[in-house]
């Protein structure tokens, strides 16, 4: 029985990383090139030359945006799209599923 539960947990965790929780854009107003943020957890935005200027969130998702890699430093909370992040450097993001 425990093996079945462990297998179910592993499958669920793997599926959660395939979800696009957010999309960050290189220009304001959700324009320009973009990077997808996969899964729920801390994700570093790479390459370091990519500058986040706006973000679109998946339905029923909220995120914390961090100025440093590995979700370090003070965070900015958002539960909806943000059209202009030019004054808020973002190098890592931690998203959460809010569907429950």
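In mature numbering (1 follows the signal peptide of the UniProt record, and there is no 0), the protein residues as written are -16 to -1, 1 to 84.
Backbone N, C-alpha and C fix where the C-beta goes; we use that ideal spot for every residue, glycine too.
Endpoints, the beta strand (DSSP E) within which residue i is located
{"i": "residue 45", "result": "45 to 50"}
{"i": "residue 81", "result": "76 to 81"}
{"i": "residue 55", "result": "Element bounds for residue 55: n/a, residue is neither H nor E."}
Bridge-paired residues (DSSP) for residue i
{"i": "residue 38", "result": "9"}
{"i": "residue 20", "result": "7"}
{"i": "residue 62", "result": "47"}
{"i": "residue 28", "result": "76"}
Nearest residue (CA-CA) to residue i, options the options
{"i": "residue 19", "options": "26, 25, 13, 34", "result": "34"}
{"i": "residue 32", "options": "73, 79, 83", "result": "73"}
C-beta contact flag for residue i and residue j at 8 Å
{"i": "residue 28", "j": "residue 53", "result": "yes"}
{"i": "residue 4", "j": "residue 42", "result": "yes"}
{"i": "residue 75", "j": "residue 50", "result": "yes"}
{"i": "residue 37", "j": "residue 17", "result": "no"}
{"i": "residue 80", "j": "residue 61", "result": "no"}
Assumed close pair residue i, residue j - CB separation to whole angstroms, cut-off 8 Å
{"i": "residue 132", "j": "residue 65", "result": "With the chain represented from -16 up to 84, any question about residue 132 goes unanswered, as that position is not in the structure."}
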